[in-house]
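Below: the structure, in structure tokens.
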Amino acid sequence: MIAWFHEASAASREVSGGKGACLSRMAACGFPIPRGFVVCDQASDESIAAAYEELGADVAVAVRSSAMCEDGETASFAGQQETFLNVRGAVEVTRRVKECRDSLFTPRAVFYREQKGDPADTRMAVVVQEMVRADKSGVLFTADPVRKTPGHIVVEAVFGLGEGIVSGLITPDQYVIDRSGGALVREFVATQLTAIGCADDGGTKEIDLPEEQGAARVLSARELDCLVALGVRAEQLFGAPQDIEWCIRGNEIFLLQSRPITSL
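For any residue, its number in the numbering used here is found by taking its place in the sequence shown, counting from 1, and adding 95.
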């Protein structure tokens, strides 16, 4: 009913869905993954509550869909099912897990499944993962998905939570790195007047950034080098170019998910 990331069974897509299985494989290989577990397709409310309490008393978590058909080599299903950030309490976590499952049946998700996957595959696992109150977040592509350039790594970054990029609210910094030598090919530093952060009562909120911070480069050279190294490792693990979500809190980098790039 519950599969923790460190358990061997969690690495199976049939158990954990696309997102959960990838996270489990990365955790087993020593990648910096926030603690968490997968709520399997038939898990009961009591088992969800018990696993959450084991993760920590009143700990903030992200609750994210992990359908069996998600994050495949031909279709990512990105944004088709629900994600809930900064969720606290066993009752609220259980409710959000149910809403993730229900989101598999929205008209948008059903239509996407008909176009990209198997419309009859309605098995849904859900990832419950410790929430990182990030200072910086973003995405990393181990090949350029727009220019179709396999020799370039693309990193996009915002201050605060990655929801700023996902929602389209904030224009991110963009860094393009030559993977053969690590040189910075080009960069774009955006002026970011707002960030997305964790709200005190759960969920997220917009935060105004001081002008000096908003105009500054998001990532240091060291952070960029570390992210690139992790991205190359993830590509080697999965055997294909990867689309990776990451965040930074203080001096720590965390990887939040990795999936194949489907647009190459």
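For glycine and all other residues, C-beta sits at the position ideal for the given N, C-alpha and C.
* To do: Pick helix, strand or coil for lysine 243, following the three-state DSSP scheme.
  => coil
* Asked: Using 8 Å as the Cβ pair cut-off and three pairs as the minimum, do the segment 96 to 114 and the segment 189 to 209 touch?
  -> no
* Using three-state DSSP, classify glutamine 269 as helix, strand or coil. => strand
* Asked: If we call anything under 8 Å between Cβ atoms a contact, is valine 158 one with valine 192?
  -> yes
* Asked: Which residues mark the beginning and the end of the beta strand (DSSP E) in which alanine 220 is found?
  -> 219 to 225
* Asked: Any idea if asparagine 181 is buried or exposed, counting beta-carbon neighbours within 10 angstroms, 16 or more meaning buried?
  -> buried
* valine 253, DSSP secondary structure in three states -> strand
* To do: For cysteine 135, collect the residues of the same chain with a Cβ closer than 8 Å to its Cβ; drop the 5 residues on either side in sequence, then sort them by chain order.
  => Met96, Ile97, Ala98, Val110, Ser111, Ala220
* Asked: Do you know how far the Cα of threonine 201 is from the Cα of alanine 170?
  -> Because the pLDDT at alanine 170 is just 46, under 50, the model does not fix this residue reliably, and the value given afterwards should be weighed accordingly. Those two C-alpha atoms are separated by around 18 Å.
* Contact check, alanine 252 vs threonine 244 under 8 Å by CB: the rounded distance? -> 19 Å between Cβ atoms; not a contact.
* With a Cβ-Cβ cutoff of 8 Å, do valine 280 and leucine 118 count as a contact? -> no
* Asked: By DSSP, does arginine 191 sit in helix, in strand, or in coil?
  -> helix
* Asked: Would a C-beta distance cut-off of 8 Å place glycine 257 and cysteine 342 closer than the cut-off?
  -> yes
* Put aspartate 303 into one of helix, strand or coil per three-state DSSP. => strand
* **N-terminal and C-terminal residue of the beta strand (DSSP E) that glycine 292 is part of** => 289 to 293
* From arginine 108 to glycine 151, what distance separates their C-alpha atoms? -> 26 Å
* **Opposing strand residues paired with lysine 231 [DSSP bridges]** => Phe254, Ile343
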